Amino acid sequence: MIPGLESYGRTVKQLKAFVPKEGEEQRQSQRLVGALVMGQAAKEDARYRNLFDQKNKEKLVSRLSAFFVPKEAPLNLILKHGFKGINQLTDFQDSGLQWDVWMDWELPFDTYFHASHSVFTCPILKEQCTCNNPPMRLTCGHVISKDAINRLTINVRNRFPRSRHLRFKCPYCPKEQNLDNAKSVDFHAWTIPAENEDEEAEEQVKFLQFVE
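Each residue of the sequence shown is one higher than the last, beginning at 0 in numbering that gives the first Met the number 0.
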């Protein structure tokens, strides 16, 4: 991270929107920002010298690798679960029991597979979100499902069917919301877009970290 590079300026710009928690985390964040602002000179400064320790770098690389890379190869995991599921499907079909499945992605029996993707349950409707009913982030930072928003705005829709701007109150705080400002949350969007889309990249970082 060298001052003058485009990536450096973008990082500093995003850090201005970062709101750390109080206490030790806030102090560590302040030291990190100070080192970024000083750039290469921070390596010779006693206040920030330990941040450039190679041992810390190795620990960071190890933790990031464990976070972003699955412990087991995805193909091996798919094959293992697939073989197990086929055996259960065969046994179920041979039993002659009737299939009682409501959703395309449901199975008529318990598989006991560990969840391998992020899930979100709407705190209002107590239902798990899907592609057709994604989690939506309000301007206040609270996240509820799209169906919950539709139910909150149904009375307004009936009273003002031609209104272009539907407003409603967040069920967790008194802040008034505009339906057009609600944004769909993608918990899998960890990558930053191309460098020529700086504004979109900044919005995505804010979006995932729930920073206003």
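Glycine residues also receive a C-beta, built at the ideal position from the N, C-alpha and C atoms.
Computed from a prediction, not measured in an experiment: that's the story for all the values here.
Going by DSSP, name the residue or residues bridged to SER183. In the sequence shown, residue 183 corresponds to position 184, counting from 1. DSSP, once it has assigned bridges, lists MET135 as partnering SER183.
Taking just the CA atoms, how far does LEU78 sit from HIS85? The residue labelled residue 85 in the question sits at position 86 within the sequence shown. The residue labelled residue 78 in the question sits at position 79 within the sequence shown. Looking at the sequence shown, residue 85 is not His but Ile. Whole-angstrom Cα-Cα distance: 10 Å.
Assuming CYS139 and LYS174 make a contact with CB atoms under 8 Å, what is their CB distance in whole Å? Here residue 139 refers to the residue found at position 140 of the sequence shown. Here residue 174 refers to the residue found at position 175 of the sequence shown. CYS139 to LYS174, Cβ: 4 Å. Contact.
Which residues does DSSP pair with ILE143 in a beta bridge? Here residue 143 corresponds to residue number 144 of the sequence shown, with the count starting at 1. Its beta-bridge partners are MET135.
Is GLN87 helix, strand or coil when you go by DSSP? Stepping through the sequence shown from its first residue, residue 87 is reached at position 88. The answer is helix: DSSP assigns GLN87 an H, G or I state.
Beta-carbon gap between GLY38 and TYR47 smaller than 8 Å: Within the sequence shown, the letter at position 39 stands for residue 38. Within the sequence shown, the letter at position 48 stands for residue 47. No, the Cβ-Cβ distance between GLY38 and TYR47 is not below 8 Å.
Based on the DSSP output, what are the partners of THR120 in its beta bridges? For the purposes of this step, residue 120 is taken as residue 121 along the sequence shown, with counting starting at 1. Answer is GLN127.
On the three-state DSSP scale, how would you describe GLU175? Numbered from its first residue, the sequence shown carries residue 175 at position 176. Strand at GLU175.
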